[in-house]
Amino acid sequence: MAKRANVMWFRHGLRLHDNPALLEAISDKTEGIALIPLFIFDGESAGTKTVGYNRMSFLLNSLAEIDKQLKAIRGASDIAGKLYLFQGNPTTVFRRLNEYYRLNKICFEQDCEPIWNRRDDSVRALCNDLDIEAVEKVSHTLWDPRTVISTNGGIPPLTYQMFLHTVEIIGAPPRPVEDPEWDGVEFLKLTDNMLMELNAFWQFPTPEDFNIFPDNISYVAKVKWRGGEQQALLHLAERLKVEERAFKNGYYLPNQANPNILESPKSMSAHLRFGCLSVRRFYWSVHDLFKHVQIEAFYHRIHMAGGEHITGQLIWREYFYTMSVNNPYYDRMEGNAICLNIPWAPPNQEQLQSWRSGQTGFPLIDAAMRQLLAEGWLHHTLRNTVATFLTRGALWQSWEHGLRHFLKYLLDADWSVCAGNWMWVSSSAFERLLDSSLVSCPIAFSKRLDPKGEYIRQYVPELAKIPQEYIHEPWRMPQEMQENYECVIGVQYPERIVDLAKVSKRNTLAMQTLRQSLIAGGAPDEGPPHCRPSNEEEVHQFFWLVD
Ligand SMILES: Cc1cc2nc3c(=O)[nH]c(=O)nc-3n(C[C@H](O)[C@H](O)[C@H](O)COP(=O)(O)OP(=O)(O)OC[C@H]3O[C@@H](n4cnc5c(N)ncnc54)[C@H](O)[C@@H]3O)c2cc1C
1 MAKRANVMWF RHGLRLHDNP ALLEAISDKT EGIALIPLFI FDGESAGTKT
51 VGYNRMSFLL NSLAEIDKQL KAIRGASDIA GKLYLFQGNP TTVFRRLNEY
101 YRLNKICFEQ DCEPIWNRRD DSVRALCNDL DIEAVEKVSH TLWDPRTVIS
151 TNGGIPPLTY QMFLHTVEII GAPPRPVEDP EWDGVEFLKL TDNMLMELNA
201 FWQFPTPEDF NIFPDNISYV AKVKWRGGEQ QALLHLAERL KVEERAFKNG
251 YYLPNQANPN ILESPKSMSA HLRFGCLSVR RFYWSVHDLF KHVQIEAFYH
301 RIHMAGGEHI TGQLIWREYF YTMSVNNPYY DRMEGNAICL NIPWAPPNQE
351 QLQSWRSGQT GFPLIDAAMR QLLAEGWLHH TLRNTVATFL TRGALWQSWE
401 HGLRHFLKYL LDADWSVCAG NWMWVSSSAF ERLLDSSLVS CPIAFSKRLD
451 PKGEYIRQYV PELAKIPQEY IHEPWRMPQE MQENYECVIG VQYPERIVDL
501 AKVSKRNTLA MQTLRQSLIA GGAPDEGPPH CRPSNEEEVH QFFWLVD
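By the UniProt record's numbering, the letter at position 318 of the sequence shown is numbered 318, and the numbering carries on one by one without gaps.
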């Protein structure tokens, strides 16, 4: 009789810790049911439809690490574990595996965004046909978005405050589950014939195997990100030190409080996106740490109040996921109920290309866009700056172009979180007043954020040598100086692609006109009737504005 097996189907959630789907997949070991851990390159899972080089490398690092950890486990029958990598359609892979073995369960972590529904529904239907149990576990988000929606009466909470209120009713998110107990787990060794038939990778692939190559700007990269659980946990330990220092100094959300675009980022977002780090582990580590610091302070007779908002940014992540769950049009303007139809200009391919490649002639924008291409990561405040510049701040191009670029290059790109942020920054949703006066001028902002121009020099080598006085506005350099520094505007460094003063006026007027027309159409005075922040403090928090 064919051996029985459970499949652990990795998609996101690329870790062994806090992995309830994995626990479920090994839970039948006492009944002699073996384990097949696998990942399927189906051209979509884990964002592979749109990935650039860095994102693909990050994914492959993360998979390689699971493989390494599994290989270090000697299972029952002395067969070590391994992560199988297949290429093809999940239903084809599972159907064929079921013919070789008798599949008992297919276990996976919930991917709650609607773009994954077709894939998961077809696997569920197959399981139904073949009498295999499909086990989905929620661990990519703190709360199950579907529970949030049902608790809120069947619709997603339209404001962040409503979201907070709803999750308060549900209660604190679950703590991480225990680590897997490997004793007695049997790993199956798939035969060469089977691997060949199922289009398995014999060696760990590289991005080049998928025809994905680095961009020619990679030489300016300062930080090389590595995916994988071990890296994520090391990164978490570092991050917790930063959090602890902040708590002891009386503030929280340290990445926001002191945006430092030059230091090595302590960001957890890419590890959270691929699930190399469990969001519950992150959430509870920060809360437990705060409690600890609070108790220590109490013994020193220092009163440390609050603590409710110390993971406020993670709640935005939950919020954007939840908002997208029943909205397959969340990534576009047309048909998207929460998105305002702003009359953006028709696509200007020349300007779009300048923006994407960091050739706009505005040093901070160019530095940021090149950092994105080279490293795959950008500080939040720079994401806001370049997104504003593309949309309501300068170019008046639709946020959808920006979203597509970010989804390809950002290591942490989530379909829903990225679209949610783009809608907000462009005033298309989550916006209160369509108030373009909140647009920060990229030149003034550059002077504030990078006073010495160190960040600009790192990512825009053409400007590396020019004096500090001109670093934010190189076009102000006299011609002779431009020649001396080999930075002639229009030759070695591009001319500005727009007249900022002119387009700012045009954009403000366009937003005011839109606002008036919405009010004339029956929208309340305080703003159009789409979802929006609850109050000024939220706007402030989102944009990470200084007081
Ligand atoms: C245009 C634009 C697109 C963005 N796209 C993404 C994206 O695809 N994926 C993504 O994770 N973040 C996105 N962000 C949000 C934010 O910039 C990053 O989460 C943040 O820079 C990550 O850095 P951190 O880990 O140091 O954040 P921290 O401040 O340390 O926050 C901790 C975690 O909370 C979450 N978080 C923080 N800010 C936000 C936010 N505004 N919205 C939702 N979640 C948040 C992230 O998971 C982050 O790792 C985007 C922001 C903008 C303006």
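Using N, Cα and C, we set each Cβ at its ideal position, and we do this for glycine too. This one's a predicted model, so the numbers in the text were calculated from it and none came from an experiment.
Check: residue i C-beta below 7 Å from any heavy atom of ligand 1
i: Ala-413; result: yes
i: Gln-161; result: no
i: Gln-267; result: This sequence places Ser at residue 267; Gln is not what is there. Answer for Ser-267: yes, Cβ within range of ligand 1.
i: His-379; result: yes
i: Leu-272; result: yes
i: Cys-112; result: no
i: Phe-320; result: yes
i: Trp-284; result: no
i: Arg-124; result: no
i: Phe-406; result: yes
i: Val-167; result: no
i: Cys-418; result: yes
i: Tyr-387; result: Going by the sequence as given, residue 387 is Ala instead of Tyr. Yes - ligand 1 has a heavy atom lying nearer than 7 Å to the Cβ of Ala-387.
i: Gln-371; result: no
i: Arg-226; result: no
i: Val-425; result: yes
i: Asn-260; result: no
Distance between beta carbons of residue j and residue i, contact taken as under 8 Å
i: Ile-466; j: Cys-487; result: 6 Å
i: Leu-364; j: Leu-372; result: Between Leu-372 and Leu-364 the Cβ distance is about 13 Å, and since that is not below 8 Å, they are no contact.
i: residue 552; j: Thr-311; result: In the structure displayed, the chain extends from 1 to 547; residue 552 sits before or after that span and is not available.
i: Arg-281; j: Pro-176; result: 5 Å
i: Ile-261; j: Val-51; result: No, Ile-261 and Val-51 are not in contact; Cβ-Cβ is about 25 Å, not under 8 Å.
i: Tyr-409; j: Gly-453; result: Not quite, the Cβ-Cβ distance comes to about 24 Å (not below 8 Å), so this is no contact.
i: Gly-88; j: Asn-199; result: 5 Å
i: Pro-37; j: Gly-81; result: 7 Å
i: Leu-411; j: Arg-55; result: 5 Å
Contacts around residue i, its chain only, beta-carbon distance under 7 Å, and the 5 residues preceding and following it disregarded
i: Trp-544; result: Here the model assigns Trp-544 a pLDDT of 47, short of 50, so the residue's position is not dependable and the matter cannot be decided.
i: Ile-26; result: Leu-35, Pro-180 and Val-185
i: Asp-414; result: Arg-273
i: Ile-217; result: Arg-370, Leu-373 and Ala-374
i: Val-123; result: Pro-90, Thr-91, Phe-94, Ile-106 and Ala-134
i: Gln-512; result: none
i: Ala-345; result: Trp-396 and Gln-397
i: Asp-28; result: Asn-6 and Asn-104
Own chain, CB closer than 8 Å to residue i, minus 5 neighbours either side, in chain order
i: Glu-229; result: Leu-14, Arg-15, Leu-16, His-17, Ser-62, Glu-65, Ile-66, Gln-69, Cys-276 and Leu-277
i: Cys-531; result: Only weak support is given to the placement of Cys-531: the predicted model assigns it a pLDDT of 48, under 50, and the value that follows is read from those uncertain coordinates. The answer, listed in chain order, is Leu-158, Thr-159, Met-323, Ile-338, Ala-429 and Phe-430.
i: Arg-496; result: Thr-360, Gly-361, Phe-362 and Trp-475
i: Arg-245; result: Pro-254
i: Thr-30; result: Gly-184
Pairwise C-alpha distance: residue j and residue i
i: Leu-97; j: Glu-197; result: 10 Å
i: Phe-94; j: Val-7; result: 9 Å
i: Ser-354; j: Ala-237; result: 39 Å
i: Val-167; j: Val-425; result: 25 Å
i: Lys-71; j: Ile-79; result: 9 Å
i: Tyr-455; j: Gln-468; result: 12 Å
i: Ala-172; j: Ala-520; result: 43 Å
i: Leu-352; j: His-401; result: 8 Å
i: Thr-48; j: Trp-116; result: 12 Å
i: Arg-4; j: Tyr-101; result: 6 Å
i: Phe-445; j: Asp-209; result: 41 Å
i: Ser-416; j: Leu-340; result: 17 Å
i: Gly-306; j: His-300; result: 17 Å
i: Glu-24; j: Glu-109; result: 11 Å
i: Pro-494; j: Arg-506; result: 23 Å
i: Lys-222; j: Trp-399; result: 28 Å
i: Ser-45; j: Tyr-470; result: 46 Å
i: Leu-395; j: Ile-149; result: 36 Å
i: Ala-501; j: Ile-443; result: 11 Å
Chain-order list of residues whose beta-carbon lies under 6 Å from that of residue i (same chain, five-residue window excluded)
i: Phe-10; result: Phe-39
i: Val-546; result: Unreliable placement is indicated for Val-546, whose pLDDT of 46 sits below 50; no coordinate value is reported for it.
i: Trp-182; result: Ile-73
i: Met-304; result: Gln-294 and Ala-297
i: Pro-20; result: Lys-137, Ser-139 and Val-177
i: Phe-406; result: Ala-413 and Cys-418
i: Met-477; result: Tyr-470
- prompt: Which parts of the stretch 47–125 are runs of the alpha helix (DSSP H), unbroken and 4 residues or longer, counting only runs that do not cross its ends?
  reply: Counting only runs of 4 or more, we get 53–71 and 90–100.
Discussion item. Going residue by residue through the stretch 342–372, where are the continuous alpha helix (DSSP H) segments of at least 4 residues, counting only ones entirely within it?
Written reply: 349–357
Could you give the uninterrupted runs of the alpha helix (DSSP H) lying entirely in the stretch 248–285, keeping only those of 4 residues or more? Counting only runs of 4 or more, we get 254–257 and 269–274.
*Mind pulling the alpha helix (DSSP H) runs of 4 or more residues that sit fully within the stretch 443–524?*
454–459, 479–484 and 500–520
In chain order, which alpha helix (DSSP H) runs of at least 4 residues are fully inside the stretch 361–429? 363–375, 380–388, 399–409 and 415–425
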